[in-house]
Amino acid sequence: MPGLSTLWSAQSIAIIGASTRPGAPGRLPLEFLLRYGYSGRIVPVNPHAVEVCGLPAYPTLAAAGPVDLVLIMVGADAAIEAVDECARLGVPVAIVGASGFAEAGDVGAQAALLQRRGRTRILGPNCIGAVNFHTGLIASFSPLFGGENTVLQPGGIALVSQSGALGFGAVSLAQERGIGLGWAVTTGNEADVTALEVLTELAREPECTGLLGYVETLADGQALRRLAAQGKPTALLVAGRSVAGRRAAESHTGALAGDDRVTDAALRQFGIIRVNDIDELLDVGAGFGTKRRTPARREFPRIAVVTTSGGSGILAADALAEHGLN
10 MPGLSTLWSA QSIAIIGAST RPGAPGRLPL EFLLRYGYSG RIVPVNPHAV EVCGLPAYPT
70 LAAAGPVDLV LIMVGADAAI EAVDECARLG VPVAIVGASG FAEAGDVGAQ AALLQRRGRT
130 RILGPNCIGA VNFHTGLIAS FSPLFGGENT VLQPGGIALV SQSGALGFGA VSLAQERGIG
190 LGWAVTTGNE ADVTALEVLT ELAREPECTG LLGYVETLAD GQALRRLAAQ GKPTALLVAG
250 RSVAGRRAAE SHTGALAGDD RVTDAALRQF GIIRVNDIDE LLDVGAGFGT KRRTPARREF
310 PRIAVVTTSG GSGILAADAL AEHGLN
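Take the position in the sequence shown, starting the count at 1, then add 9; the result is the number in our numbering.
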């Protein structure tokens, strides 16, 4: 069965809730897919329309035939039913953009979403989607891609963000700075698929030169270990350093952030760079833009510093220790 890479490699995509109304969130992904030259099959699903954006519309997903990826652009209650249909039809991956789940206190609705998904992997809910800058697969309703002067500048950097607005805001800043992004994925509430899972899968892409992430929880130490084992340079902006920040994260995506000292130690242990804000994340990412493989830390168990300056040696030792190197 296809894996998470379907999010950026799908050869066909259906949009449930495809809208005929200009500017509607359910119409934007169709416009973007057409505008940026996605070559796969595009399937609008709308029982009240004959066509959407010049494409034939289907009354149900079942009527459209098999698809790789489904973007669900309907409200929370209808999204649960749509996920159920995806599961029955064997859809590998579905993206749920709707809010109104755990982040709004409705844990039951999010649990129902998971119960109905079967073997279908779910990105979201409460996310803004996924983008492959190389192929024009814009499975997103971010208005960023509707700008008159917006052009895709594909590169080797992968960006994954638990926050949709912050993630695509970072995409906009990266484009302004000439930082070539190859992929951008937002994970939202992470009812199923997590940012660490997506980062790990993206690290396996041959053209990926580095990974950038914004996360609100790092509860899974084994997932962090698997990410680090891919050997790709990685920088993370981890929210929830303070008690107030952890509370804000819970109300934003339903994330339960852990003790920041534990987070800090884990990132150092695995050689993952921790940054303090989006500007710093992109500054670090700019250095990941050339295609190279960073050897896994186990290949360099100990590092020697040779210098004519004692002070420089001390600073170098501090910097190495900060990044978990001996």
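Every residue gets a Cβ at the ideal spot worked out from N, C-alpha and C, and that includes glycine.
Integer Cβ distance of residue i from residue j, believed to fall under 8 Å
i	j	result
leucine 146	proline 134	Not confirmed; about 20 Å, so no contact.
valine 102	arginine 130	5 Å
isoleucine 24	glycine 32	With a Cβ gap of about 15 Å, isoleucine 24 and glycine 32 do not count as contacting.
leucine 166	phenylalanine 297	What sits at residue 166 in the sequence shown is isoleucine, not leucine. With a Cβ gap of about 6 Å, isoleucine 166 and phenylalanine 297 count as contacting.
valine 207	threonine 196	6 Å
phenylalanine 154	glycine 138	That belief does not hold up - the Cβ atoms of phenylalanine 154 and glycine 138 are roughly 10 Å apart, past 8 Å.
arginine 186	threonine 209	26 Å between Cβ atoms; not a contact.
alanine 91	glycine 127	Not really, about 13 Å apart at Cβ, beyond 8 Å.
alanine 244	glycine 164	So it is not a contact: roughly 15 Å between Cβ atoms.
alanine 238	threonine 203	In fact, because the Cβ distance is near 16 Å, the residues do not count as touching under 8 Å.
glycine 114	isoleucine 81	Contact flag wrong, Cβ pair sits at about 21 Å.
cysteine 62	glutamate 94	Not really, about 22 Å apart at Cβ, beyond 8 Å.
Close Cβ partners of residue i (< 6 Å) along its chain, the five nearest in sequence each way excluded
i	result
arginine 301	With a pLDDT of 45 at arginine 301, under the threshold of 50, the modelled position of that residue is not reliable, and the figure given next carries that caveat. So the list is empty, once near-sequence residues are dropped.
arginine 306	Any reading at arginine 306 is ruled out, since the residue's pLDDT is 44, under 50, leaving its predicted position unreliable.
leucine 42	Ile51 and Ile147
glycine 74	none
threonine 29	Ala58 and Val61
Top-ranked residue by Cα proximity to residue i, from the options
i	options	result
arginine 337	Glu289, Ile287, Asp286 and Gly249	In the structure displayed, the chain extends from 10 to 335; residue 337 sits before or after that span and is not available.
glycine 173	Ser108, Thr218 and Leu211	Ser108
glycine 219	Leu290, Leu175, Ser151 and Leu132	Leu290
leucine 190	Ser28, Cys217, Ile287 and Ile282	Cys217
valine 194	Gly74, Asn335, Ala111 and Phe177	Phe177
alanine 88	Ala66, Cys136 and Pro65	Cys136
glutamate 225	Leu205, Arg235 and Gln239	Leu205
alanine 275	Asp229, Ala139, Ala96 and Glu40	Asp229
aspartate 201	Asp93, Glu94, Leu132 and Cys95	Leu132
proline 242	Ile287, Ile312, Leu168 and Asp273	Leu168
phenylalanine 110	Gln239, Asp292, Asp86 and Arg97	Asp86
isoleucine 22	Pro38, Gln278 and Gly117	Pro38
serine 18	Arg277, Ala212 and Val140	Val140
tyrosine 45	Thr316, Glu214, Pro215 and Phe142	Phe142
leucine 211	Gly240, Leu227 and Val83	Gly240
glutamine 162	Pro152, Ser170 and Trp192	Trp192
glutamine 144	Tyr47, Ala325 and Thr316	One detail in the question is off: residue 144 reads as threonine in this sequence, not glutamine. Among Tyr47, Ala325 and Thr316, the Cα nearest to that of threonine 144 is on Tyr47.
glutamine 171	Leu64, Ile188 and Leu227	Leu227
Buried versus exposed, by CB contacts within 10 Å (16 or more), residue i
i	result
asparagine 285	exposed
threonine 69	exposed
aspartate 268	exposed
glutamate 157	exposed
glutamine 184	buried
valine 314	exposed
glutamate 337	Nothing can be reported for residue 337, as the shown portion of the chain is limited to 10 through 335.
leucine 329	exposed
asparagine 335	exposed
alanine 72	exposed
Simplified DSSP state of residue i, which is helix, strand or coil
i	result
isoleucine 188	coil
serine 151	coil
arginine 307	The predicted model places arginine 307 with a pLDDT of 44, which falls under 50 and marks its position as unreliable; any figure quoted below should be read in that light. Three-state DSSP puts arginine 307 in a helix.
threonine 195	strand
valine 207	helix
valine 293	helix
proline 38	helix
arginine 301	Any reading at arginine 301 needs caution, since the residue's pLDDT is 45, under 50, leaving its predicted position unreliable; the model's value is listed next. Residue state, collapsed to three classes: coil.
threonine 15	helix
serine 181	helix
glycine 26	coil
isoleucine 281	coil
glycine 63	coil
valine 92	helix
alanine 103	strand
arginine 125	helix
alanine 58	coil
glycine 49	coil
alanine 212	helix
alanine 33	coil
glycine 114	coil
glycine 222	strand
threonine 272	helix
leucine 132	strand
isoleucine 81	strand
Same chain, Cβ closer than 8 Å to residue i, five either side skipped, listed in chain order
i	result
glutamine 20	Gly49, Arg50 and Asp77
alanine 66	Ala27, Pro53, Val54, Asn55, Ala58, Val59 and Glu60
isoleucine 352	This structure does not reach residue 352, given that the chain is present from 10 up to 335, and the question cannot be answered.
alanine 325	Val314 and Thr316
proline 152	Leu37
Spatial neighbours of residue i in its chain, beta-carbon cut-off 7 Å, leaving aside the 5 residues before and after
i	result
threonine 15	Asp77, Leu78, Pro101 and Val102
asparagine 198	Phe110, Ala111, Glu112, Gln119, Gly133, Pro134, Asn135, Thr262 and Gly263
aspartate 273	Arg283
isoleucine 312	Leu329, Leu334 and Asn335
glycine 12	Glu210
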